[in-house]
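Sequential numbering of the sequence shown, starting at 7, is according to the working numbering.
Cβ coordinates follow ideal geometry from the N, Cα and C atoms, glycine included.
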Amino acid sequence: MNKLAWLFALLLVGCGKPAGEAKPKRGLIGASLLTLQNPFFKVIGDQLAVEAAKSGYETLVVSADNDVARQSNQVKDFIVKKCVAIVLSPAQSKSIVPVIQEANAAGIPVFTVDIPCNEPGVKIVTQISTDNYGGGKEAGTAMIEVLGAQGGKVGVLDLKAVESCILRVKGFKEVIDAHNAKGGAKIEIVSELDGGGAKDKGYKAAEDMLQAQPEMRGIFAINDPSALGARAALEKAGKAERVVIIGFDGQPEGKQAIKEGKIYADPIQFPDKMGAEIARAIVRHSKGEDLPPQTLIPTMLYRKADAEKDASLK
7 MNKLAWLFAL
17 LLVGCGKPAG
27 EAKPKRGLIG
37 ASLLTLQNPF
47 FKVIGDQLAV
57 EAAKSGYETL
67 VVSADNDVAR
77 QSNQVKDFIV
87 KKCVAIVLSP
97 AQSKSIVPVI
107 QEANAAGIPV
117 FTVDIPCNEP
127 GVKIVTQIST
137 DNYGGGKEAG
147 TAMIEVLGAQ
157 GGKVGVLDLK
167 AVESCILRVK
177 GFKEVIDAHN
187 AKGGAKIEIV
197 SELDGGGAKD
207 KGYKAAEDML
217 QAQPEMRGIF
227 AINDPSALGA
237 RAALEKAGKA
247 ERVVIIGFDG
257 QPEGKQAIKE
267 GKIYADPIQF
277 PDKMGAEIAR
287 AIVRHSKGED
297 LPPQTLIPTM
307 LYRKADAEKD
317 ASLK
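Structure, rendered in C-alpha cells:
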C-alpha cells in the first residue's frame with residue numbers, strides 16, 4: 007500500500023464510531039418501587055437500570071414510599087415524560103388501578119415487579135416476582151422444624167395491603183394447617199397483626215402480641231425489617247431465648263441476624279435476578295415477543311449453617 011492509500015484508509019477508519027461508544031438511547035423506562043428505604047427494592051431498581059442500559063435504555067427509579075397517591079403521581083409524570091415502559095411494585099394493588107388505566111390509554115406498556123396487580127380492567131404485560139406462596143410454605147416448614155416436638159403458640163406479623171405478603175402468609179398457614187391435620191405437635195396461630203413491613207412498626211406489633219400472648223413460642227414476620235423489629239421487642243421483654251423468629255427476604259441485615267442466632271431462618275429472595283429479568287422482559291416486548299403472564303423466581307430457605315458459609319457476612 008502506497009503512502010496516499012494508507013492515509014485514505016486512516017481517514018475512513020476515523021469516520022467510523024469510536025471504540026466503546028454508547029449504544030443509541032432507546033428511550034426512558036420509569037420505575038416506581040414500593041420503597042427505596044428497603045434495600046430489597048433498591049437492589050431491584052439498581053439492577054433494572056444496569057441491565058436496561060445494556061440495551062440502550064435510560065431508567066428513572068423513584069420511591070413510592072408506601073403511598074398510593076404518591077405512586078399515582080409518579081406514574082402520571084412517567085406518562086408526561088413519554089416513557090417507553092413503566093415498571094411498578096404497587097403500593098396498593100386495587101387503588102393503583104386508575105392510573106395504570108391511564109398508562110394503558112397512553113399506549114405505554116406496564117410491567118410489575120415483586121408485587122402483582124391482578125385486578126380487572128388493567129393490562130399488565132408481565133409480572134416478575136418471587137414465588138411468595140412457595141416461600142411462605144418454606145417459612146411454615148422452618149417453624150415446624152424449630153418448634154419440634156413441643157409445638158406451641160405462634161404469631162404472624164403481616165402486611166395485608168401488599169399482595170406478595172398476603173401470599174406469604176397464605177403459604178405459611180397452609181403448611182401449619184397440614185402439619186396439625188397430620189397429628190403433629192400442634193402449632194396454633196394465636197395472633198396476626200400488621201407489622202407494616204418496617205422495623206419500628208414490627209417492634210410495636212410484636213410488643214402488643216407478646217403482651218396479649220405471653221406464652222407465645224414463635225413469630226413469622228413477612229420481611230426482614232419487621233422480623234428485626236420483633237427481635238428488638240423480644241430482647242426488651244426478656245424473651246429472646248424463648249421465642250423464635252422466622253423472617254423473609256434475605257437482606258444483609260437479616261442474614262447477619264440469622265448468623266448471630268437472632269432469627270432462625272429466612273426464605274430468601276433474589277432481587278438482583280428480579281431487576282434483571284424485568285429489564286429483559288421490556289427488551290423482549292419491544293421486539294414483539296409474547297411473554298408469559300408471570301415469571302416466578304423460587305426462594306431458598308436460609309438457616310444459620312448457610313450464614314456461617316456466607317462470605318458476604320461479618
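If you count every other CB in all the chains shown that lies within 10 Å of the CB of residue i, and 16 or more means buried, which is it?
| i | result |
| --- | --- |
| D120 | buried |
| V86 | exposed |
| G36 | buried |
| M306 | exposed |
| P96 | buried |
| G253 | buried |
| S318 | exposed |
| D296 | exposed |
| Q4 | Nothing can be reported for residue 4, as the shown portion of the chain is limited to 7 through 320. |
| G127 | exposed |
| N124 | exposed |
| G113 | exposed |
| E57 | buried |
| K143 | buried |
| A311 | exposed |
| A111 | exposed |
| G146 | buried |
| G267 | exposed |
| G189 | exposed |
| A313 | buried |
| G158 | buried |
Taking the Cβ atom as the reference point for each residue, do residue i and residue j lie within a distance shorter than 8 Å?
| i | j | result |
| --- | --- | --- |
| L165 | D200 | yes |
| V250 | R223 | yes |
| I274 | G256 | yes |
| E169 | S99 | yes |
| T41 | A55 | no |
| F5 | V162 | There is no way to answer for residue 5, as the model of the chain reaches only from 7 to 320. |
| A191 | L240 | no |
| V160 | I228 | no |
| G62 | K82 | no |
| A238 | L216 | no |
| A236 | A212 | yes |
| I106 | V74 | no |
So, helix, strand or coil for residue i, using DSSP?
| i | result |
| --- | --- |
| K315 | coil |
| L42 | coil |
| K265 | helix |
| Q300 | strand |
| S232 | helix |
| P273 | strand |
| A97 | coil |
| R309 | coil |
| A28 | Since pLDDT at A28 reaches only 48, below the 50 mark, its modelled position is unreliable, and the value read off the structure follows with that caveat. DSSP places A28 in coil when its eight states are reduced to three. |
| G203 | coil |
| E198 | strand |
| A285 | helix |
| G224 | strand |
| A3 | Residue 3 lies beyond the residue range present for the chain, which begins at 7 and ends at 320; the question has no answer from this structure. |
| S69 | strand |
| E64 | strand |
| V250 | strand |
| A211 | helix |
| A75 | helix |
Within the same chain, show all residues whose beta-carbon is closer than 6 Å to that of residue i, passing over the 5 residues directly before and after it, in chain order.
| i | result |
| --- | --- |
| A91 | I35, P115 and I288 |
| T118 | L94, I130 and Q133 |
| P122 | Q133 and E169 |
| A285 | L54, E57 and A58 |
Leaving out the 5 sequence neighbours to the left and right, which residues in its chain are closer than 7 Å to residue i when beta-carbon positions are compared?
| i | result |
| --- | --- |
| L231 | The residue asked about is misnamed: residue 231 is Pro in this sequence, not Leu. These residues qualify, in order along the chain: N44, G203, A204, K205 and G208. |
| E259 | D230 and L234 |
| H370 | Nothing about residue 370 can be read from this structure; the chain reaches only from 7 to 320. |
| K210 | none |
| G6 | No information on residue 6 is available, as it lies outside the stretch 7 to 320 that the chain covers here. |
| L39 | F47, I50, G51, V67, S69, A70 and S95 |
| K320 | Q262 |
Give every residue of the same chain whose Cβ lies closer than 8 Å to the Cβ of residue i, excluding the five residues on either side of it in the sequence, and list them in chain order.
| i | result |
| --- | --- |
| A218 | S197 |
| I303 | I134, S135, T136, D137, Q275, F276, K279, M280 and E283 |
| Y308 | G256, K261, I264, A271, D272, P273 and I274 |
| P298 | T132 |
message: Just to confirm the assignment: which complete beta strand (DSSP E) runs, minimum length 3, are found wholly within the region 99-165?
response: Here the runs fully enclosed are 116-119, 133-136 and 158-164.
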